[in-house]
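With numbering that gives the first Met the number 0 applied, the sequence shown closes on residue 343, and no number is skipped along the way. Quick reminder that beta carbons are idealized off the backbone N, C-alpha and C, glycines included. Reading through the C-alpha cells given below for one structure.
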Amino acid sequence: MITKVIQEDHIQKAKQYINKGDKFVIISHVSPDGDAIGSSLGLYHFLSAYGKDNISVIVPTDFPSFLKWMPNTKDIIIHAQTPELAEQLIEEADVIFCLDFNVPKRVEKLAPALLRAPGRKVLIDHHLDPGDFCKLVISHPGISSTSELIFRFICQLGEYELITRDAATCIYAGMMTDTGAFTYNSNKPEIYTIIGELIKKGIDKDAIYRHVNQTYSESRLRLMGYIVYEKMKTYADKQASLITLSLDELNQFQYKTGDTEGFVNLPLSIEGIAFSVFLKQDKEYIKISLRSVGDFPCNLFAAKYFNGGGHKNASGGEFHGTIEEAIAVFEQGLAEFNPTLPLI
Ligand code: 5GP
Ligand code: MN
C-alpha cells in the first residue's frame with residue numbers, strides 16, 4: 000500500500016475539474032527534462048484512458064532526442080515553434096495542468112498566455128516554494144519527481160487500473176531521470192514499490208534506461224572528453240568544481256539540444272568534490288547548472304548569485320553577461336559562501 004500523500008480535498012477538487020472539463024492542456028517547463036516530459040505524457044495517457052479526447056501537451060521549447068522515444072512525444076506542441084497554436088489552446092482550455100515547475104517564470108515566453116488564461120489551473124510539482132498562480136496547488140517537495148507524484152495522483156483518484164503500459168513507461172522515465180537512475184534522492188522504499196507496480200504494467204525498465212542514456216552521438220562523447228581534459232577547473236580547498244562551455248566550443252562539437260546532459264555531474268565522481276557548477280553559453284544568456292552531494296544547498300547558491308533556484312542538490316540559474324564575468328561571480332560566491340562549512 001502506498002501512502003496517500005496528496006490531501007483528499009485536493010484529489011476531490013481535481014476529480015471535479017477533470018470530470019467537468021472537455022479541453023485539457025498540460026504545460027511543463029522550459030528546456031524540458033525527462034521528468035517534465037515523463038510526467039506530462041504520463042498524465043496525458045491517463046486522461047486519454049479516462050475518456051478525454053481533447054488533451055494537449057505544451058512545452059515552451061524543444062527537448063533532447065533522447066526523450067523523443069516516449070509514446071506520443073510527436074504530439075507535444077512546442078511553443079517556440081508554433082506560438083499561435085500553443086497560445087490558442089491555452090486560452091481555450093477548461094483545465095490547465097502545470098507540471099514540474101513552481102513559478103510562471105519557469106515557462107518563460109509561455110508565462111503571459113498561462114497567466115491570462117481563464118481555465119482552471121492545477122499545479123502538480125515537487126519544487127520548493129510554489130507560486131500563487133494556480134487554483135489548486137498540489138506541491139510535494141519531499142517527492143523526488145513530478146512523475147512519481149502523477150502516479151500517486153492517479154492512484155488516489157482510484158484509477159490505478161487506467162494506468163496503461165504507455166503511461167507507466169513515461170512515469171518511469173521521469174522517475175528515473177530525476178534521480179540519476181536512482182542514484183540520488185531515491186532512498187525512500189515507496190519509490191521501489193511504485194517501480195514494482197510500473198513493471199506489472201509491462202514497462203521494460205532496461206530499455207528505458209538505454210533509450211535515455213545510451214543513444215548519444217559520437218561528437219557528444221568527444222565533447223565530454225574535451226570538457227574533462229581541458230575545461231574542468233577544481234577548487235580543492237572548497238570541494239568545488241567549475242566547467243564552462245562557450246557557443247564557439249559547442250559549435251565545434253556539433254552541439255545539439257541535450258548533448259551536455261549530465262556533464263555537471265561528472266566532477267562529483269572525484270573524491271572530495273561536493274559542489275559542481277557548469278556554465279553553458281546560450282544565445283541570450285549563460286545557463287547555469289549546479290549540483291551538490293550531501294548538505295550543500297546549491298539552490299541557495301543559485302538564488303544568491305545566478306537568479307535561480309531548484310532543489311538542494313540540483314539547481315539552475317542564469318547569468319546575463321560574458322563567461323568571464325560569470326566565472327568571476329562564481330568565484331566570488333565560492334569565497335563568500337563556503338561549501339565546506341555548514342551553511343544553514
Ligand atoms: P538543470 O541543471 O538540469 O537545468 O536544472 C536542475 C534543476 O534546477 C531543475 O530541475 C530546476 O528545479 C532547477 N532550475 C534550473 N534552472 C532554473 C532556473 O533558471 N531557475 C530556477 N528557479 N530553477 C532552475
Ligand atoms: Mn522534476
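Check whether residue i and residue j have beta carbons under 7 Å apart
{"i": "residue 315", "j": "residue 307", "result": "yes"}
{"i": "residue 238", "j": "residue 271", "result": "yes"}
{"i": "residue 136", "j": "residue 122", "result": "yes"}
{"i": "residue 103", "j": "residue 132", "result": "yes"}
{"i": "residue 201", "j": "residue 164", "result": "yes"}
{"i": "residue 172", "j": "residue 33", "result": "yes"}
{"i": "residue 99", "j": "residue 28", "result": "yes"}
{"i": "residue 197", "j": "residue 167", "result": "yes"}
{"i": "residue 246", "j": "residue 280", "result": "yes"}
{"i": "residue 292", "j": "residue 267", "result": "yes"}
{"i": "residue 78", "j": "residue 109", "result": "yes"}
{"i": "residue 300", "j": "residue 288", "result": "no"}
{"i": "residue 170", "j": "residue 96", "result": "no"}
{"i": "residue 218", "j": "residue 181", "result": "no"}
{"i": "residue 318", "j": "residue 211", "result": "no"}
{"i": "residue 14", "j": "residue 156", "result": "yes"}
Residue interval of the beta strand (DSSP E) (run including residue i)
{"i": "residue 317", "result": "313-318"}
{"i": "residue 239", "result": "239-244"}
{"i": "residue 233", "result": "231-234"}
{"i": "residue 96", "result": "94-98"}
Enclosing alpha helix (DSSP H) for residue i [first to last residue]
{"i": "residue 58", "result": "Segment 54-58 is the beta strand (DSSP E) holding residue 58; no alpha helix (DSSP H) there."}
{"i": "residue 222", "result": "217-225"}
{"i": "residue 182", "result": "Segment: none, residue 182 is in no alpha helix (DSSP H) and carries neither H nor E."}
{"i": "residue 329", "result": "322-335"}
{"i": "residue 24", "result": "Here residue 24 belongs to no alpha helix (DSSP H); instead the beta strand (DSSP E) covers 23-26."}
{"i": "residue 19", "result": "7-19"}
{"i": "residue 49", "result": "Here residue 49 belongs to no alpha helix (DSSP H), and DSSP marks it neither H nor E."}
Alpha-carbon to alpha-carbon, residue j and residue i
{"i": "residue 329", "j": "residue 273", "result": "15 Å"}
{"i": "residue 341", "j": "residue 298", "result": "With a pLDDT of 45 at residue 341, under the threshold of 50, the predicted position of this residue should be treated as unreliable, though the coordinate-derived value follows. For residue 341 and residue 298, the distance between alpha carbons rounds to 15 Å."}
{"i": "residue 18", "j": "residue 50", "result": "10 Å"}
{"i": "residue 343", "j": "residue 275", "result": "Because the pLDDT of residue 343 is 35, which lies under 50, any placement of that residue in the model is unreliable, and the number read from its coordinates should be weighed accordingly. In a straight line, the C-alpha of residue 343 is about 19 Å away from that of residue 275."}
{"i": "residue 138", "j": "residue 125", "result": "6 Å"}
{"i": "residue 262", "j": "residue 58", "result": "23 Å"}
{"i": "residue 38", "j": "residue 47", "result": "14 Å"}
{"i": "residue 23", "j": "residue 220", "result": "40 Å"}
{"i": "residue 73", "j": "residue 326", "result": "38 Å"}
{"i": "residue 290", "j": "residue 312", "result": "5 Å"}
{"i": "residue 309", "j": "residue 145", "result": "13 Å"}
{"i": "residue 12", "j": "residue 185", "result": "29 Å"}
{"i": "residue 151", "j": "residue 231", "result": "40 Å"}
{"i": "residue 88", "j": "residue 134", "result": "19 Å"}
{"i": "residue 192", "j": "residue 2", "result": "11 Å"}
{"i": "residue 178", "j": "residue 187", "result": "12 Å"}
{"i": "residue 203", "j": "residue 324", "result": "46 Å"}
{"i": "residue 222", "j": "residue 42", "result": "35 Å"}
{"i": "residue 176", "j": "residue 8", "result": "30 Å"}
{"i": "residue 242", "j": "residue 226", "result": "7 Å"}
{"i": "residue 81", "j": "residue 91", "result": "16 Å"}
{"i": "residue 282", "j": "residue 236", "result": "33 Å"}
Nearest-angstrom beta carbon gap, residue j and residue i [assumed within contact, 8 Å]
{"i": "residue 94", "j": "residue 119", "result": "5 Å"}
{"i": "residue 21", "j": "residue 71", "result": "So it is not a contact: roughly 19 Å between Cβ atoms."}
{"i": "residue 336", "j": "residue 303", "result": "7 Å"}
{"i": "residue 190", "j": "residue 143", "result": "7 Å"}
{"i": "residue 75", "j": "residue 106", "result": "Not a contact, Cβ separation roughly 14 Å."}
{"i": "residue 259", "j": "residue 244", "result": "7 Å"}
>> Which complete beta strand (DSSP E) runs does the stretch 107-176 hold, if anything under 3 residues is left out?
In response: Counting whole runs of 3 or more residues, the stretch 107-176 contains the beta strand (DSSP E) stretches 119-124 and 135-138.
> Where are the alpha helix (DSSP H) runs, 4 residues long or more, that stay fully inside the stretch 241-289, in chain order?
Replying inline: If we require 4 residues or more, the alpha helix (DSSP H) runs fully inside the stretch 241-289 come out as 246-251.
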